[in-house]
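Okay, structure first, notes after.
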Amino acid sequence: MTRVAALVGPTAVGKSSVALDLAEALGAEIVSIDSMQVYRGMDVGTDKATPEMRARIPHHLLDLRDPAHDLTVAEFQHEARAAIEDIAERGRVPLLVGGSGLYFRAVVDDLAFPPRSAEVRASLEERVEIEGAEALHAELVGLDPTAAAKIEPGNARRIVRALEVIEITGRPFSDNDAWDRYESRYDLRVAGLELPRELLYERIEERVVAMLERGLVEEARAVAATGMGTTARQALGYKQVLDAVDPDDTETLADEIVRATKRFARRQLSWFRADPRVRWFDASDPGLSQALKAHFSGDGAVP
RNA sequence: GGCGAGGUAGCUCAGUUGGCAGAGCACGCGACUGAAAAUCGCGGUGUCGACAGUUCGAUUCUGUCCCUCGCCA
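If you're matching positions, the first sequence starts at 466 in our numbering and goes up one per residue.
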């Protein structure tokens with residue numbers, strides 16, 4: 466089995482800089498597990514690795530698409546696995562670094578993503594409009610009770626997807642039981658980075674201010690001018706810039722981005738906390754670097 | 001100093017013809033199957049400015065005081 470190391474955690478804990486040091490120590494190359502850094506031109510807002518960092522350690526899965534063209538989880542899964550194989554074949558260690566929970570599991574676990582159908586989806590979405598999400602949820606209860614039990618009746622997005630898959634594949638949406646198993650297809654070792662909440666929030670605030678200073682507003686407008694798909698369009702920071710009522714009111718803008726980012730960080734944490742494979746490390750610990758190296762190069766005496 | 005408006009959750013405010021105080025946001029927790037930086041679910045917020053009076057019962061009515069804002073001087 467291919468040996469894979471992973472570093473996960475919420476935004477702004479300091480994954481990227483730790484990753485560089487770690488990659489050097491492990492003889493690793495970095496595979497970004499980030500749903501937004503795959504878009505070209507979205508650099509300051511996604512805090513993408515700089516050219517200097519990339520020169521130091523090769524980074525994969527960055528700048529895969531123009532923002533106008535959405536990249537799906539399934540495509541990401543495919544590309545990331547290819548990168549992992551490539552790195553391993555060259556005798557180096559793939560180091561996965563990022564905070565996109567679904568993308569992480571898509572790459573590392575045997576999750577299958579049934580195809581999509583624009584027509585089926587469109588008709589389902591129309592029905593949500595007229596009948597309401599609850600009605601479709603009721604229908605899902607009849608078709609796939611297991612899936613229905615796990616999806617809230619108000620969550621139109623997930624209900625639509627479940628019904629779409631059932632219609633396309635003719636099988637229950639809940640068939641994909643790999644979901645609950647947390648069994649990686651690789652010889653995987655995961656480290657999670659965390660910080661006391663207050664500190665994490667402070668760092669988020671500082672980071673947003675820094676992004677604004679580095680020209681987030683200009684970047685967002687430039688990218689928007691060349692076109693943004695639905696996915697890129699909702700990226701934190703970009704969305705707030707583009708939706709701003711008063712573009713000159715930087716204070717309100719910064720405030721909104723900070724709030725959204727904190728909310729996001731919480732959701733990231735709740736995602737990774739649920740993964741039993743993650744071994745947590747305090748990012749403010751002076752001995753962090755040492756501890757991580759020990760964790761990844763040790764011979765498997767992991768919890 | 002006079003007149004007016006107001007003081008209720010961390011914030012913005014709603015409300016109670018007198019009967020256990022409620023929304024949004026924030027915050028905490030959770031779910032997560034081709035948009036996931038998405039989408040959705042659950043949860044607690046409290047001397048209702050202070051003191052006195054009326055009342056079985058006052059955040060609500062009355063009085064005094066304090067504070068904030070606006071206008072006038």
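C-beta atoms are modelled at their ideal positions from N, C-alpha and C, and glycine is treated no differently.
For residue i, which three-state DSSP category applies?
i	result
Ala514	coil
Gly657	strand
Tyr504	strand
Ser481	helix
Ile722	helix
His524	strand
Asp640	helix
Glu494	strand
Arg530	strand
Phe578	coil
Asp551	helix
Asp740	coil
Taking the beta carbon of residue i as the centre, do at least 16 other beta carbons fall within 10 Å, making it buried, or is it exposed?
i	result
Lys513	buried
Arg654	buried
Ala587	exposed
Pro532	buried
Ser481	buried
Ala730	buried
Arg460	Only positions 466 to 768 of the chain appear in the structure, and residue 460 is not among them; the question remains open.
Ser735	exposed
Val478	buried
Asp713	exposed
Lys727	buried
Arg679	exposed
Ser762	exposed
Asp750	exposed
Asp711	exposed
Ile595	exposed
Ala470	buried
Give every residue of the same chain whose Cβ lies closer than 7 Å to the Cβ of residue i, excluding the five residues on either side of it in the sequence, and list them in chain order.
i	result
Pro580	Ile633
Ala643	Asp574, Asp575 and Leu576
Met693	Pro532 and Ala533
Ala553	Thr467 and Pro559
Leu689	For clarity, residue 689 is Ala in the given sequence; the question names Leu instead. The answer, listed in chain order, is Leu707.
Using a Cβ-Cβ cut-off of 6 Å (strictly less than) and excluding sequence neighbours within five positions of residue i, which residues of its own chain qualify?
i	result
Asp652	Met466 and Arg468
Between residue i and the rest of its own chain, which residues show a CB-CB distance below 8 Å, the 5 nearest in sequence each way excluded?
i	result
Phe746	Ala656, Gly657, Leu658, Glu659, Leu753, Ala756, Leu757 and His760
Val743	Val473, Val655, Ala656, Gly657 and Phe737
Ala598	Pro618, Gly619, Asn620, Ala621 and Ile624
If the criterion is Cβ atoms closer than 8 Å, does the pair residue i and residue j meet it?
i	j	result
Val558	Gly492	yes
Ala612	Leu601	no
Thr476	Gln733	yes
Tyr504	Arg530	yes
His525	Ile498	no
Val572	Ala539	no
Glu517	Ser582	no
Ile631	Asp645	no
Ile522	Ala547	no
Worksheet item: So does the segment 560–569 actually touch the segment 587–597, counting three or more Cβ pairs closer than 8 Å?
Response: no
Worksheet item: Should the segment 504–520 be called in touch with the segment 674–686, which here means at least 3 C-beta pairs below 8 Å?
Response: yes
Worksheet item: If we count Cβ pairs, one from each stretch, closer than 8 Å, do we get three or more for the segment 716–735 versus the segment 699–708?
Response: yes
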